[in-house]
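Under this note's numbering, think of the first position of the sequence shown as 2, with each following residue one higher.
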Amino acid sequence: MATPQRVPTLNRPNIVSVGTIAFLSQELMFFAGLFAMYFTSRANGQAGDWAEQVSNLNVIYGLVITIILVTSSVTAQFGVFAAERGDVYGLRKWFTITVVLGVIFLGLVGFEWYEMIVHGVTIQSSVYGSVFYIITGFHMLHVAAGIIAFIVVIMRVTKSKFTPAQATAAMGVSYYWHFVDVIWIGVFIILYLIQ
């Protein structure tokens with residue numbers, strides 16, 4: 002008796018995962034360009050008032066902001082773990098906490114902007130001011146986009162039956178959020194620590 006031959010199956014990657022990775026790769030290049038702008042400006046701006054402008058940054062405050070954003074990444078991952086278990090309540094709870102932490106982060110960075118402006122660091126005041134607001138501003142836009150994405154996922158799992166597609170969407174949003182958090186760690190190191 003002849004044994005039937007097995008036909009090899011194709012294991013295609015999840016299109017959402019591939020799309021997310023492609024998008025995040027593009028975003029990584031965008032932020033790499035911003036960091037390159039910072040280092041070029043810093044190298045050319047040392048003779049000016051760069052050191053004076055940098056001295057207005059509050060490193061401890063920046064660390065607090067960073068801890069809040071990193072904590073939000075942890076809560077986002079707890080939401081993903083809940084999604085993998087099919088726990089809709091846990092997903093909504095952890096993603097809602099992530100949204101709240103993201104909003105707090107935006108508020109604290111906004112306050113940092115206010116403090117810098119009070120100390121005379123503006124976009125028009127110096128190259129440092131321009132670079133600082135461009136980098137932190139684009140990061141804030143990415144955080145705001147992540148918050149909106151979390152809210153969309155929360156609303157989708159509230160209105161309909163929880164599906165594997167929704168779990169995949171939750172994971173995709175969390176990948177984006179982790180990416181935004183890692184970028185902020187780079188921003189914190191470059192802007193606050195290296196100076």
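Yeah, the Cβ is synthetic: ideal placement off N, Cα and C, and Gly gets one too.
Secondary structure of Lys94, DSSP reduced to three states: DSSP places Lys94 in helix when its eight states are reduced to three.
Among His140, Ser127 and Glu113, nearest to Val60 - alpha-carbon criterion: For the residues His140, Ser127 and Glu113, the minimum Cα distance to Val60 belongs to Glu113.
Integer-rounded CB distance, given that Val181 should sit under 8 Å from Val154: Actually they do not touch by this definition, with Cβ atoms about 15 Å apart.
Backbone CA spacing between Thr21 and Trp51 [nearest angstrom]: The alpha-carbon atoms of Thr21 and Trp51 are separated by roughly 37 Å.
Rounded separation between His179 and Ser74 - CA only: Cα-Cα distance, rounded: 6 Å.
8 Å Cβ shell around Phe189 - same chain, five flanking residues per side excluded: Spatial neighbours of Phe189 in its own chain (CB-CB distance under 8 Å, excluding positions within 5 residues in sequence) are listed in chain order as Gly63, Leu64, Ile66 and Thr67.
Inter-residue spacing [alpha-carbon to alpha-carbon] between Gly121 and Val89: Rounded to the nearest angstrom, the two C-alpha atoms are 48 Å apart.
Inter-residue Cα distance where the pair is Lys94 and Phe79: Those two C-alpha atoms are separated by around 9 Å.
Ser74 (DSSP reduced to helix, strand or coil): Per DSSP, reduced to three states, the secondary structure at Ser74 is helical.
Segments of 4+ residues assigned as alpha helix (DSSP H) that fall wholly inside the stretch 87-156: Those alpha helix (DSSP H) runs which fall completely within the stretch 87-156 and span 4+ residues are 89-119.
Beta-carbon contacts of Ser175 that lie in its chain and below 8 Å, excluding the five residues immediately before and after: Ala77, Gln78, Gly80 and Val81, listed in sequence order.
Helix, strand or coil at Thr167 according to DSSP, with G and I counted as helix: This sequence places Gln at residue 167; Thr is not what is there. In the structure shown, Gln167 adopts helical secondary structure according to DSSP, grouped into three states.
Helix, strand or coil at Leu58 according to DSSP, with G and I counted as helix: It is coil, neither helix nor strand.
Beta-carbon proximity of Leu58 to Tyr193, cut-off 8 Å: In contact: Leu58 and Tyr193 (Cβ atoms closer than 8 Å).
Supposed contact pair Tyr39 and Val132 - C-beta distance, whole angstroms, cut 8 Å: Yes, they are in contact, since the Cβ atoms of Val132 and Tyr39 sit about 5 Å apart, within 8 Å.
Of the listed residues Pro165, Val128, Gly173 and Val158, nearest to Thr41 (C-alpha basis): Considering only Pro165, Val128, Gly173 and Val158, the residue with the shortest C-alpha distance to Thr41 is Val128.
For Gln196, three-class secondary structure by DSSP: For Gln196, the secondary structure class from DSSP, reduced to helix, strand or coil, is coil.
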